[in-house]
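A.B. asks: So that you can map any letter, position 154 of the sequence shown is 160 in our numbering, and since no number is skipped, the others follow by simple counting.
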Amino acid sequence: MISYIIFGITYAFAAAMQPGPFQAFIISQTIRNGWKHTLPAAFAPLISDGPIIVIVLLLLSTVPTWLIYILQIAGGLLLLYVAYRAFVSYLNYNLEKEVVESKTENSLFKATLVNALNPGPWVGWSLIMGPLFIKGYEQSATYGVALIISFYTTMVLSLMGIIILFGLARNLGPKVTRVTLGISAIALAGFGIYQIWQGVILILQST
């Protein structure tokens with residue numbers, strides 16, 4: 007069981023630290039709204055990954071590849087919209103206004119949607135976590151449960167660390183915050199365009 011726990015911790019930390027659409031999103035939200043309002047977004051994988059896990063485990067050997075490609079394109083479009091919102095906030099940045107608006111913003115819902123449309127969890131569960139979970143569960147149900155608990159505990163804690171870390175940048179002053187917000191908008195747009203481009207290319211190659 008120890009080997010499954012170690013793998014869950016290691017893989018989750020690597021997945022959380024790897025730059026990607028979801029990480030870019032939570033960083034953007036942190037810079038825009040502050041770490042306190044963005045912290046609930048760290049729990050998004052606990053919500054969005056549930057249906058992914060069920061679908062992948064039930065259809066592990068027959069999951070259609072086009073589904074991942076479609077999700078990749080949809081996720082890219084969503085990221086472009088989020089990048090647009092971040093860019094508008096950059097142009098009209100006002101520290102007091104951003105703090106007031108952040109109180110009414112549902113970071114957890116947005117983060118859950120972004121992560122659900124991110125192909126990362128689908129690919130990760132289809133190729134890595136899913137097969138390993140089945141292998142462990144066949145040996146003992148405790149092994150499979152230990153893998154999932156260690157993975158998502160580490161994932162949530164790592165995302166919290168990222169949010170708090172980038173939240174400190176927000177306290178350096180309005181100018182630093184505004185510049186960082188602009189950078190995050192560019193990063194989000196870049197990830198969005200890349201996801202759409204990759205999705206289209208993969209669809210064309212599969213036809």
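C-beta atoms are modelled at their ideal positions from N, C-alpha and C, and glycine is treated no differently.
My parser needs the alpha helix (DSSP H) runs of 4 or more residues fully inside the stretch 33 to 84; what are they?
C.D. replies: 41 to 44 and 50 to 64
A.B. asks: Take every Cβ of the stretch 152 to 171, pair it with every Cβ of the stretch 31 to 46, and state whether three or more of those distances are shorter than 8 Å.
C.D. replies: yes
A.B. asks: Considering only their Cβ atoms, is the gap separating Trp131 from Ile58 smaller than 9 Å?
C.D. replies: yes
A.B. asks: Could you tell me the distance, in whole angstroms, from the CA atom of Ile189 to the CA atom of Ser146?
C.D. replies: 47 Å
A.B. asks: Rank Tyr158, Ala117, Trp72 and Val206 by C-alpha distance to the C-alpha of Thr36 and give the top, closest one.
C.D. replies: Ala117
A.B. asks: Does the Cβ-Cβ distance between Ala83 and Phe139 come in under 9 Å?
C.D. replies: Reading off the sequence shown, one finds Leu at residue 83, where the question assumed Ala. No, these two residues do not count as a Cβ contact at 9 Å.
A.B. asks: For Leu165, which three-state DSSP category applies?
C.D. replies: helix
A.B. asks: What residue does the alpha helix (DSSP H) around Leu114 start on, and which one ends it?
C.D. replies: Segment Ser113 to Ala122, the alpha helix (DSSP H) holding Leu114.
A.B. asks: Give the DSSP-derived three-state secondary structure of Met23 in the structure shown.
C.D. replies: helix
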